[in-house]
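Numbering (the working numbering), first residue to last: 23 to 279.
Presented below is the structure to which this report refers.
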């Protein structure tokens, strides 16, 4: 199986060196290399690589910023960090089951990395990796304020915690937040993309363009027609929602099934 990858590093010599070292692995195909996070996002959207070799410390936006951006996507590639970080950061990477390469690069260490990547691809553990990427982001970000969603309730503003939200939907030009018994229009967040970004790190999944579901509030689910999945939520109405065919694979991986 061919594993398609890209290299993201702001230093051209570093990209060239990694290209050279990877050329000895016949199942690794390099589809491109870029020097910034912005270019990486475009290249990943264009080529859909299986693997990204990612430098962390780059001018402007860091490698972690790239992961935060891509965490909103239905499918994420695997990541191997190429870093000069200290031992504390390396320990965090290890605990998150994300591989890393320390500069200067070692051929022997790279071979171990490639074998690990092969195993992940073979066992299709992408959902687990995504969860651990979220863990890593939380570790690196440190303490932060609790996430809240501001909604309108009878002319007043009310703050809801993510745990109170069963699902969110886009209806008639506005976003509605649905709890067990009520629904409220969201205040100040105008698009589902922005709401999904606001809830990164929480247990939410983009079932389709117009719906975000709380994975902890799914009562039951089953295969539906045309490759879709049907969800029954845990609100008092037992609302039925659909996971689009293109997102079913990622949905199953998020649930570990």
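Note that CB positions come from ideal geometry on N, CA and C, so glycine has one too.
8 Å CB neighbourhood of residue i in its chain, flanking five on each side removed
i	result
residue 248	267
residue 131	123 and 124
residue 66	28, 74, 92 and 99
residue 230	264, 265, 266 and 269
residue 292	This structure leaves residue 292 out entirely; the chain is present only between 23 and 279.
residue 273	227, 229, 251 and 265
residue 217	171, 190, 197, 208, 211 and 234
Close beta carbons around residue i, own chain, < 6 Å, minus the five adjacent residues each side
i	result
residue 26	51, 53, 71 and 72
residue 318	Lying before the first or after the last residue shown, residue 318 is absent from the chain, which here runs from 23 to 279.
residue 196	207
residue 261	255
residue 138	121
residue 56	30, 62 and 65
Assigned secondary structure, residue i (DSSP; H/G/I helix, E/B strand, else coil)
i	result
residue 209	coil
residue 83	coil
residue 64	helix
residue 272	helix
residue 169	coil
residue 33	coil
residue 188	coil
residue 135	helix
residue 41	helix
residue 48	coil
residue 278	coil
residue 110	Residue confidence is low: residue 110 scores 41 on pLDDT, short of 50, so the model does not pin down where it sits. No coordinate-derived value is stated.
Nonlocal neighbours in the same chain, by C-beta distance under 7 Å from residue i, ignoring five residues either side
i	result
residue 48	none
residue 242	254
residue 44	50 and 52
residue 117	The predicted position of residue 117 is uncertain, since its pLDDT is 46 and thus under 50; a value taken from the coordinates is nonetheless stated next. Here the set comprises nothing.
residue 213	none
residue 33	none
residue 245	251
residue 81	32
residue 173	180, 182, 199, 206, 207, 208 and 209
residue 24	49 and 51
Rounded Cβ spacing between residue i and residue j (contact assumed at less than 8 Å)
i	j	result
residue 263	residue 233	6 Å
residue 199	residue 184	Rounded, the Cβ-Cβ distance is 10 Å, inconsistent with contact.
residue 127	residue 237	With 8 Å as the limit, residue 127 and residue 237 do not qualify as a contact, their Cβ atoms being about 38 Å apart.
residue 222	residue 68	That pair is no contact at about 23 Å.
residue 87	residue 59	5 Å
Per DSSP, the bridge partner or partners of residue i
i	result
residue 73	27 and 100
residue 54	28
residue 175	178
residue 122	103
residue 196	193
(request) Tell me the start and end of each unbroken beta strand (DSSP E) in the stretch 198–265 that is at least 3 residues and wholly inside, in chain order. (result) Taking only runs of at least 3 residues, the beta strand (DSSP E) segments lying wholly in the stretch 198–265 are 205–207, 226–230, 233–236, 240–245, 251–255 and 262–265.
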